[in-house]
Amino acid sequence: MDSQLHGESAYTRGDKIDVSQIGWKYLESELHSIIRYHLSIIEIATDLEDIFSNVMLAVYLFELAILCFEVYRAAM
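Read in order, the letters of the sequence shown correspond to residues 1 to 76 in full-length UniProt numbering.
Okay, here's the thing in structure tokens:
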């Protein structure tokens with residue numbers, strides 16, 4: 001009983017749960033919270049991609065310039 005007070009489930013992974021006993025309003029609210037959580041993860045991933053794509057382009061161009069100078073110097 002104490003574990004349920006701390007937000008832990010009384011069920012274990014292998015237990016069979018009768019979903020017909022769970023209210024639709026509860027399922028709907030849980031589904032909405034899961035969708036909001038998923039969308040926030042996608043938003044964070046998109047922000048990180050926008051930030052690091054420019055950084056990776058700069059690193060790539062810098063490495064390309066160094067490679068060009070090294071090949072030019074080796075050809076002398």
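Using N, Cα and C, we set each Cβ at its ideal position, and we do this for glycine too.
Handout entry: Assigned secondary structure, T12 (DSSP; H/G/I helix, E/B strand, else coil)
Key = Looking up residue 12 in the sequence shown gives position 12. Here T12 sits in coil by DSSP.
Problem - Where M76 falls: helix, strand or coil (DSSP) - result: Along the sequence shown, read from residue 1 onward, the residue named residue 76 stands at position 76. M76: coil per DSSP, three-state reduction.
Problem - DSSP state of D47 mapped onto helix, strand, coil - result: Sequence index remark: in the sequence shown, residue 47 carries index 47 (1-based). If DSSP states are grouped into helix, strand and coil, D47 belongs with the helices.
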